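Report on one structure; see the data block that follows.
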Amino acid sequence: MSVSMREEERRSIIHSLVELDRPVAELETLLARLPWDYPKPLVRLTYNHIRSVLLRLLAGTLDAKDVEEWAELVEMRDDIEFADERTKEVIHMLSTPQIHFPIDGRLAHLLLSPISN
Numbered sequence: 458m459s460v461s462m463r464e465e466e467r468r469s470i471i472h473s474l475v476e477l478d479r480p481v482a483e484l485e486t487l488l489a490r491l492p493w494d495y496p497k498p499l500v501r502l503t504y505n506h507i508r509s510v511l512l513r514l515l516a517g518t519l520d521a522k523d524v525e526e527w528a529e530l531v532e533m534r535d536d537i538e539f540a541d542e543r544t545k546e547v548i549h550m551l552s553t554p555q556i557h558f559p560i561d562g563r564l565a566h567l568l569l570s571p572i573s574n
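The sequence shown begins at 458 in the numbering used here and counts up one residue at a time.
What follows is the structure, given as structure tokens:
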């Protein structure tokens, strides 16, 4: 497989991760095949990605564990660029609910409210 094909495959997997368009367990399996370190970001994570995940939590299509595991997978990757510091902070908060806030409807509403933007 050529370098550009490997990069495109990686970009596709990382894009699926930030979009959370597959089950978390499936994404974990795909990510396990990729080397951890990467020289540059391939995908940009924005607050809209977080908003989408939180709306799915409120709709019941994701649960708190899904959100936490997704945030853990996203948090420290070299191949994901965070759009801004706030996005990075919220991902950290969602990946560590045991030291911040439980992931529930109340937190989702707070993070989705215009005041938090």
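For glycine and all other residues, C-beta sits at the position ideal for the given N, C-alpha and C. Quick caveat: nothing in here was measured; it's all calculated off a predicted structure.
Ordered along the chain, which non-local residues of its own chain (more than five positions away) have a Cβ less than 6 Å from that of F558?
Excluding residues within five positions, the ones whose Cβ falls inside 6 Å are L564.
Can you give, in chain order, each stretch of the beta strand (DSSP E) that sits fully within the segment 486-528 and has at least 3 residues?
Fully enclosed beta strand (DSSP E) runs of 3 or longer: 500-502.
DSSP puts I556 in a beta bridge; with which residues?
Answer is none; I556 lacks a bridge partner.
Since I believe L499 is in contact with R468 (beta carbons under 8 Å), could you give me their beta-carbon distance rounded to a whole number of angstroms?
Their Cβ separation, rounded to whole angstroms, is 4 Å, which keeps R468 and L499 in contact under 8 Å.
Is the CB of E485 under 8 Å away from at least one CB in chain D?
This model lacks chain D altogether; it includes just one protein chain.
What residues are listed by DSSP as bridge partners for I537?
According to DSSP, I537 bridges with V500.
Kindly indicate which residue of P480, E529, V524, S552 has the alpha-carbon position closest to the one of G562.
The candidate whose alpha carbon is nearest that of G562 is V524.
Ordered along the chain, which non-local residues of its own chain (more than five positions away) have a Cβ less than 8 Å from that of A521?
Excluding residues within five positions, the ones whose Cβ falls inside 8 Å are L514, P554, P559, I560, D561.
Would you give the residue range spanned by the alpha helix (DSSP H) that S461 belongs to?
First-last of the alpha helix (DSSP H) with S461: 460-476.
Might you give, ordered along the chain, the residues of its own chain that have their beta carbon closer than 8 Å to the beta carbon of D494, omitting 5 neighbours on each side?
Hits under 8 Å: D535.
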